[in-house]
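Residue numbers 1 to 73, in full-length UniProt numbering, belong to the letters of the sequence shown in order.
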Amino acid sequence: MDARLRTLDPVHHAGVRFATGAFRLSPIPSLLVDAGFWPLDLRRQSSMLRCWFRTHHLPDSVPCLSMLRGSRS
């Protein structure tokens with residue numbers, strides 16, 4: 001994982017602690033489960049997969065489709 005993305009994890013953890021009213025030493029995985037949040041790395045993967053799926057299932061009549069598919073070669 002990129003170091004720039006890892007800098008967001010403590011901010012996310014602090015927000016989850018604040019939203020749940022948990023103590024600072026509470027384990028983050030259990031707080032995420034209690035709050036119903038996904039860890040940031042899983043949310044990123046889910047977003048990338050959703051974007052890939054939507055892009056690859058566009059109809060051929062979409063004008064920018066050739067640019068999107070051609071940019072990965």
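Cβ atoms here follow ideal geometry from the backbone N, Cα and C, with glycine treated the same way.
Measure the alpha-carbon distance for residue i versus residue j and round it to whole angstroms.
i	j	result
ARG17	SER26	8 Å
THR7	TRP38	17 Å
THR55	SER61	13 Å
PHE23	GLY36	17 Å
ARG43	CYS64	26 Å
GLY15	LEU58	36 Å
LEU40	TRP52	18 Å
Span of the alpha helix (DSSP H) holding residue i?
i	result
CYS51	40 to 56
ASP34	28 to 35
Helix or strand or just coil, what does DSSP make of residue i?
i	result
LEU5	helix
LEU25	coil
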